[in-house]
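Participant: Sharing a structure, written as structure tokens. Questions coming.
There are 2 protein chains.
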Amino acid sequence: MVRAVPDTHGEILAAAARQFTVTGYRGTSLQDIAREVGCSKATVLYHFANKEALLAELMAPAIDVLRSLDDQLNGLTGAAAQEVAAQGFVDLAVRFRREIAVLRGEFPELLCQPAFAHIQQISDRLRDALAGHSDRPGARIAALVLLAGISEACAEFVDIPDDELRPALRTLARRAVEPVDAPLAHPPTTEDKDS
Amino acid sequence: MVRAVPDTHGEILAAAARQFTVTGYRGTSLQDIAREVGCSKATVLYHFANKEALLAELMAPAIDVLRSLDDQLNGLTGAAAQEVAAQGFVDLAVRFRREIAVLRGEFPELLCQPAFAHIQQISDRLRDALAGHSDRPGARIAALVLLAGISEACAEFVDIPDDELRPALRTLARRAVEPVDAPLAHPPTTEDKDS
DNA sequence: TCAGACCCTGACCGATCGGTCAGACTGAGG
DNA sequence: CCTCAGTCTGACCGATCGGTCAGGGTCTGA
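As they're listed, the protein sequences go chains A and B. Using full-length UniProt numbering, you'd call the opening residue of the first sequence number 1 and step up by one each time. Using full-length UniProt numbering, you'd call the opening residue of the second sequence number 1 and step up by one each time.
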């Protein structure tokens, strides 16, 4: 058999993905990655300008999809935006479970890096759409709980098949989103003094 | 005015809490904490055996409450367990927002430390109760989404008053929990082949 | 045969990490 | 006055981090 040209670049990328998933970005050293690939740390830095570039290349596909979901959301309002945001994010999260697991927890620090410059704004818009562009605290809190919870669930349930995880999350999202067009299911309480 | 005996121990604890909240446990060095307090790093290590002991003392109250919730849950089943788990966790999360923010993301690594030996099992039982002790993937996924989402929301909305955050989360939890006693709201789909 | 691009490496760099240690300072008690 | 416990510190330690660099192999095309 012909030994294919050793795709060191790809091997490093794959090893980094595995390690980042388990021990996080910060918790994984270039030495760790090099050891798993079976090369020197200098080789890792030959293929990638620095550790950050490695992460950026790893996350690029997920970020692209997130960006396109943001475009799709642009102009939509009310229940339509909620539906698209919920279903779109569920699909994205299920598909890019590994990438989400990498970011888990290190989100705030990682967002400072130039590669993730606009992620914060996009996810803010996503959250806003999921809240039905409402200012009600209940709606905004529900949106954040859903986005964060779905992310965490996808990162944790790595071994559940997509076809099982996706419909469960879709159902949950539909149930948990604060309705914005239809009248509220629960009667307004006494604390409706604002607006 | 009498200058009270300088409570360096407490000052270090408070500074650590602030720093951990912002930059995380791993991302905060003993030097950082010492700088904020205005003492030397050696002083920090005079008052606390090591960095881990500092974290442990910081988290102790939250862990106590979590443990008592676990006791309270012991023996409860079905909808009763779901209700207690949901409301109990919401209260705990709202109250210990800062502590949750500290753990944010570094959960997996931090759980390895002896101070947090049983947290994993407790949170597993909590999740199980929230799922109504059901094996249905939908119920288990909903429980995880809720627990993770509530934690994240509490860590993020640090400036929302408790009285606003708590009822919103309670309402959301009640809406999002997969009902286990009452018949399902949504008709069973075609994929009900298991069990 | 030779030049040059490509791939890879060991040795090394400065910075920072958590942690140790001997000793200085201080205030209370005998 | 001396002692001693409590508090605090600068200097230092080994380990590890991300990253640099000069140079060695190897392959290819002129």
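No residue lacks a Cβ here, since even glycine has one placed at the ideal position from N, Cα and C. Just so it is clear, the structure is predicted and the values come from calculations on it, not from any experiment.
Reducing DSSP to helix, strand and coil, say where B/Glu178 ends up.
Facilitator: Looking at B/Glu178 - three-state DSSP - the assignment turns out to be coil, as it is neither helix nor strand.
Participant: Can you tell me whether DSSP reads B/Ala47 as helix, strand or coil?
Facilitator: The sequence given here has His at residue 47 of chain B, not Ala. Helix, per DSSP.
Participant: So, is A/Gly78 buried or exposed, given that buried needs 16 or more other C-beta atoms within 10 angstroms?
Facilitator: exposed
Participant: Cα separation between residue 202 of chain A and A/Ile141?
Facilitator: No answer is possible for residue 202 of chain A: the residues shown for chain A start at 1 and end at 195.
Participant: Taking the continuous alpha helix (DSSP H) assigned at B/Glu36, which residues delimit it?
Facilitator: 30-37
Participant: In chain B, which residues lie with their C-beta within 7 Å of the C-beta of A/Pro6?
Facilitator: Within chain B, no C-beta atom comes nearer than 7 Å to that of A/Pro6; the closest sits roughly 32 Å away.
Participant: For A/Ile160, report the span of its alpha helix (DSSP H) as first-last.
Facilitator: Counting along the chain, A/Ile160 falls outside any alpha helix (DSSP H), and DSSP gives it neither H nor E.
Participant: Which term fits B/Cys154, buried or exposed, when burial requires 16 or more other beta carbons within 10 angstroms of its beta carbon?
Facilitator: buried
Participant: Under three-state DSSP, which class holds A/Glu106?
Facilitator: coil
Participant: Quick one: complete beta strand (DSSP E) runs, 3+ long, within the region 51-122 of chain B?
Facilitator: none
Participant: Determine the burial state of A/Asp70: buried for a count of at least 16 other Cβ atoms within 10 Å of its Cβ, exposed for fewer.
Facilitator: Counting other Cβ atoms within 10 Å of its Cβ, A/Asp70 reaches 16 or more and is therefore classed as buried.
Participant: Using a threshold of 7 Å, state whether the C-beta atoms of A/Ala15 and A/Val37 are closer than that.
Facilitator: yes
Participant: State the Cα-Cα distance for the pair A/Val180 and A/Ala131, rounded to the nearest angstrom.
Facilitator: Taking C-alpha positions only, A/Val180 is separated from A/Ala131 by approximately 8 Å.
Participant: What are the boundary residues of the alpha helix (DSSP H) that A/Ser151 is part of?
Facilitator: 137-156
Participant: Could you round the C-beta distance between B/Leu73 and B/Ala85 to whole angstroms and report it? I think they count as a contact, below 8 Å.
Facilitator: 6 Å
Participant: DSSP state of B/Arg127, grouped into three classes?
Facilitator: helix
Participant: My output table needs one value for B/Gly24: the three-state DSSP class, helix, strand or coil.
Facilitator: coil
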